[in-house]
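**Q**
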Amino acid sequence: MDLQMLQFYGGYLDESSSTSSSMPPMKPHVLFFTDPLGINAVQLHSLARDLASAIPEAAFTFLGDQETLLSLRHATPNIKLISFDHCIPNAEFSAGFFERFLAEGTQIYNRMLRVAALVEGRPVTCVISDAFMWIAESVPDVKMPLWIACYFGFSLAMLAYALTERFLCIYGDDEGPPSSAQQTTQTGERIAIPIDDK
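Per our numbering, the sequence shown starts with residue 1, numbered consecutively.
1) VAL124 and ALA117: beta carbons closer than 8 Å?
2) Cα separation between VAL115 and ALA54?
3) Using 10 angstroms around the beta-carbon of TYR151, count the other beta-carbons present and answer buried if the total reaches 16, otherwise exposed.
4) Does PHE167 pass the burial test, meaning 16 or more other C-beta atoms within 10 Å, or should it be called exposed?
5) Nearest to ASN78 by CA position, among LEU163, THR164, LEU31 and TRP147, is which residue?
6) What span of residues does the alpha helix (DSSP H) with SER53 cover, start to end?
7) Over the uninterrupted beta strand (DSSP E) stretch that includes LEU63, give me the two end residues.
8) With DSSP run on the structure shown, which of helix, strand or coil describes GLU120?
9) Below 8 Å on the Cβ atoms is my guess for LYS27 versus GLU57; work out the distance and round it to an integer in Å.
10) Can you tell me which of the three DSSP states LEU81 falls into?
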């Protein structure tokens with residue numbers, strides 16, 4: 001990915017780009033964000049640092065929760081680390097987390113775009129996130145910038161998350177007794193996992 005590629009997508013969130021061809025291309029603003037659990041935040045931040053060093057003309061915004069951001073070192077001037085509350089009730093990994101995440105995913109993504117644009121003073125032209133945040137690919141009510149999903153996990157990582165959720169639902173957790181659960185595959189298809197309480 002280079003500056004020219006990012007500039008190609010620069011007009012996606014710029015209302016004026018379609019009305020005036022004489023305007024100079026908007027400088028790229030790349031948004032990185034972590035999932036609510038901060039999974040693979042270090043790898044994602046490392047990629048952000050590499051891109052920020054390679055493309056000093058671009059602006060980079062990295063959104064994550066406060067605990068995640070404190071674990072990252074910051075030495076690149078064109079990366080802004082911004083604390084962002086995903087606002088998912090009981091965001092720690094527990095029974096029902098996937099269902100809560102799916103229910104709030106679109107609103108979370110919309111808020112991330114608005115926060116990043118407000119902080120940087122220009123709209124987001126490219127989104128880079130962990131592939132776990134696949135919800136970002138299909139948000140219906142915003143003009144989509146380029147979205148790049150990075151898969152840092154091991155083989156069958158999503159299956160591991162789904163199985164962990166199933167165990168929590170079967171045996172219960174801090175929130176209470178076992179309950180029914182809905183899961184999601186990597187393609188976004190929602191599947192029901194039957195829970196046998198016996």
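We treat Cβ as the ideally placed atom computed from N, Cα and C, and that holds for glycine.
**A** On the basis of the coordinates in this document:
1) The Cβ atoms of VAL124 and ALA117 lie closer than 8 Å to each other.
2) C-alpha separation (whole angstroms): 24 Å.
3) Counting the other CB atoms within 10 Å of its CB gives TYR151 a total below 16, which places it among the exposed residues.
4) PHE167 is exposed by the Cβ-count criterion.
5) Check the Cα spacing between ASN78 and each of LEU163, THR164, LEU31 and TRP147: the tightest is with LEU31.
6) Its alpha helix (DSSP H) spans residues 41-54.
7) It spans 59-64 - the beta strand (DSSP E) in which LEU63 sits, taken as one unbroken run.
8) The answer is helix: DSSP assigns GLU120 an H, G or I state.
9) Between GLU57 and LYS27 the Cβ distance is about 6 Å, and since that is below 8 Å, they are a contact.
10) Strand at LEU81.
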